[in-house]
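All remarks here apply to the structure that follows.
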Amino acid sequence: MTNKPSIPLPSISLPSGRLPSGRLLWVSLLLLGSQLTMLPLTLAASTLQLQTVKKQTEPRERLLDGHVEAVNRSTVSAQTGGIITEINVDVDDLVQAGTVLLRIRDTQQQAQLKQAKANAASANAKLAEARKRFRRIQGLLNKNLVSRAAFDTAQADLKTATAQQLISLAANRQAREQLAYTVVKAPFTGVVTKRYVEIGETTQPGQPLLTGLSLERLRVRAFIPQQLIRAVRKRHKVRVLTDDGKDFTINTFTIYPYADPKSNTFQVRIPLPQKITGLYPGMLVKVAFAIGQQQALLVPANAVIQRSEVSAVYVRTKEGSISLRQIRRGRLRDNGMIEVLAGLEEGEQVVVNPLDAVWLRSQKTAGKKP
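Okay, so the sequence shown: first residue is 3 according to our numbering, each after it adds one.
This is the structure we're talking about:
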């Protein structure tokens, strides 16, 4: 087998920027394709790899707009009252889960906790005394040394002391929680988006303090017209398309069970893969919902020559030669195939590797030289 020598390939010089007319772009492609227009098939068939263009069945999709949003988005509110003494974060700060966001003066909460502890100690002492007295009265009653009324009184005192002890324990827990609420921590890892308070302000329970969202879990919110909802529910498949060319196929998403009477659309929430990069809440993306099937004319992506806005392929003609033909291309598929919207017909053959065609022509031209 003869190795392919290093032969300079024909180059196409295109001016930078957008050309004023597509005709100039097509002429530049013809400069390259003219070298192969009359290439005999007998020579090409033994050297070039050809592929017959066929229609293939694939999902038919409906393209809609969607917006990225955070799954975890919340507003942290005050759970106790007091003066804010410390704020450790601001808008656009990235915080880890458990990070101290701000502190509230805890003088009142500390005093309440001390009082609760004292009340609990007193209740425990009274309960111990009531138990001791009840046991003594019970023993005397068994010996018929005290009246039944005295026993009933001791029993009632024991129940009262037990209830008071439970109340004191609950008050103690509540006081501890109120003290813990003076230290506000991040509920999840995320970014601070809003801050509502300043140092020195007095907060009240329920007052918003900070709003944040997590970038670790994102989803897309879209709205499906009601005439498409049956087809979408049946196939339950969607692709999320981003501006930078990323394509995510999602088979599990949530469709709201009711339509918006104002827009006649169904809301859909589409989860995105975790730790995705390049997407942020609020960004616009395209979502393609599968609604049926269609026939598409597909060719290998490496068979397509792209020059600025013009696409072309090398095609085997009926006369047995290889010529360059302009096509209108569609979307690139996941399997490395490109849809041809115009310029080719089913059954035609295209050159899989255009560089092989250029090399073959170079070999033929070199063989004619004396």
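Glycine residues also receive a C-beta, built at the ideal position from the N, C-alpha and C atoms.
Residue i versus residue j - alpha carbon distance
{"i": "T184", "j": "I106", "result": "5 angstroms"}
{"i": "N304", "j": "L66", "result": "29 angstroms"}
{"i": "T54", "j": "E347", "result": "10 angstroms"}
{"i": "Q276", "j": "E179", "result": "34 angstroms"}
{"i": "P227", "j": "N266", "result": "6 angstroms"}
{"i": "R333", "j": "L96", "result": "37 angstroms"}
{"i": "Y258", "j": "A224", "result": "11 angstroms"}
{"i": "A172", "j": "A122", "result": "9 angstroms"}
{"i": "R237", "j": "F291", "result": "9 angstroms"}
{"i": "V353", "j": "D262", "result": "51 angstroms"}
{"i": "P189", "j": "A72", "result": "14 angstroms"}
{"i": "G100", "j": "K196", "result": "18 angstroms"}
{"i": "Q229", "j": "V186", "result": "48 angstroms"}
{"i": "R138", "j": "N90", "result": "59 angstroms"}
{"i": "K128", "j": "F136", "result": "12 angstroms"}
{"i": "A151", "j": "A158", "result": "11 angstroms"}
{"i": "Q51", "j": "Y282", "result": "44 angstroms"}
{"i": "N74", "j": "E218", "result": "9 angstroms"}
{"i": "Q206", "j": "G284", "result": "31 angstroms"}
{"i": "V270", "j": "E63", "result": "16 angstroms"}
{"i": "K57", "j": "Q296", "result": "9 angstroms"}
{"i": "R331", "j": "K248", "result": "18 angstroms"}
{"i": "E60", "j": "V317", "result": "24 angstroms"}
{"i": "F153", "j": "A177", "result": "36 angstroms"}
{"i": "V148", "j": "L160", "result": "17 angstroms"}
{"i": "A163", "j": "G141", "result": "20 angstroms"}
{"i": "G338", "j": "V315", "result": "16 angstroms"}
{"i": "A125", "j": "R133", "result": "12 angstroms"}
{"i": "G345", "j": "D246", "result": "27 angstroms"}
Continuous beta strand (DSSP E) stretch holding residue i: start and end
{"i": "A303", "result": "Counting along the chain, A303 falls outside any beta strand (DSSP E), and DSSP gives it neither H nor E."}
{"i": "D67", "result": "56-72"}
{"i": "G379", "result": "The first residue shown for the chain is 3 and the last is 372, placing residue 379 beyond what the model contains."}
{"i": "T87", "result": "84-89"}
{"i": "V102", "result": "102-106"}
{"i": "T77", "result": "75-79"}
{"i": "M339", "result": "339-344"}
{"i": "A314", "result": "312-318"}
{"i": "Q351", "result": "351-353"}
Boundaries of the alpha helix (DSSP H) in which residue i is found, first to last residue
{"i": "S124", "result": "109-144"}
Counted within 10 angstroms of its Cβ, other Cβ atoms place residue i as buried (16 or more) or exposed
{"i": "V234", "result": "buried"}
{"i": "P356", "result": "buried"}
{"i": "L286", "result": "exposed"}
{"i": "I216", "result": "Rather than Ile, the amino acid found at residue 216 in this sequence is Ser. It is buried - the Cβ of S216 has at least 16 other Cβ atoms within 10 Å."}
{"i": "I307", "result": "buried"}
{"i": "I201", "result": "exposed"}
{"i": "D104", "result": "In the sequence as presented, Asp is not what sits at residue 104; that position holds Leu. L104 should be labelled buried."}
{"i": "V93", "result": "exposed"}
{"i": "T87", "result": "exposed"}
{"i": "R221", "result": "buried"}
{"i": "T82", "result": "buried"}
{"i": "I231", "result": "buried"}
{"i": "A376", "result": "Nothing can be reported for residue 376: it is not among the residues displayed for the chain, which extend from 3 to 372."}
{"i": "I293", "result": "buried"}
{"i": "I272", "result": "buried"}
{"i": "A108", "result": "The residue you asked about is not Ala; residue 108 is Asp in the sequence shown. The residue is buried, with at least 16 neighbouring Cβ atoms inside 10 Å."}
{"i": "I329", "result": "buried"}
{"i": "E350", "result": "buried"}
{"i": "Q167", "result": "buried"}
{"i": "Q111", "result": "buried"}
{"i": "A165", "result": "exposed"}
Cβ distance (whole Å) where residue i is taken to contact residue j below 8 angstroms
{"i": "F255", "j": "R241", "result": "At roughly 11 angstroms, the Cβ-Cβ gap does not stay under 8 angstroms, so F255 and R241 are not in contact."}
{"i": "T319", "j": "S325", "result": "5 angstroms"}
{"i": "A113", "j": "N174", "result": "Not quite, the Cβ-Cβ distance comes to about 14 angstroms (not below 8 angstroms), so this is no contact."}
{"i": "V289", "j": "I340", "result": "Actually they do not touch by this definition, with Cβ atoms about 21 angstroms apart."}
{"i": "V194", "j": "G214", "result": "5 angstroms"}
{"i": "G84", "j": "T204", "result": "7 angstroms"}
Residue i at chain E interface by Cβ criterion, 8 angstroms
{"i": "V354", "result": "In the structure shown, chain E cannot be found, because there is only a single protein chain."}
### Query
Mind pulling the beta strand (DSSP E) runs of 3 or more residues that sit fully within the stretch 244-273?
Counting whole runs of 3 or more residues, the stretch 244-273 contains the beta strand (DSSP E) stretches 249-252, 256-262, 267-273.
#### Entry: Complete runs of the alpha helix (DSSP H) confined to the stretch 174-254 [at least 4 residues]
Entirely contained in the stretch 174-254, the alpha helix (DSSP H) runs reaching 4 residues are, in chain order, 231-237.
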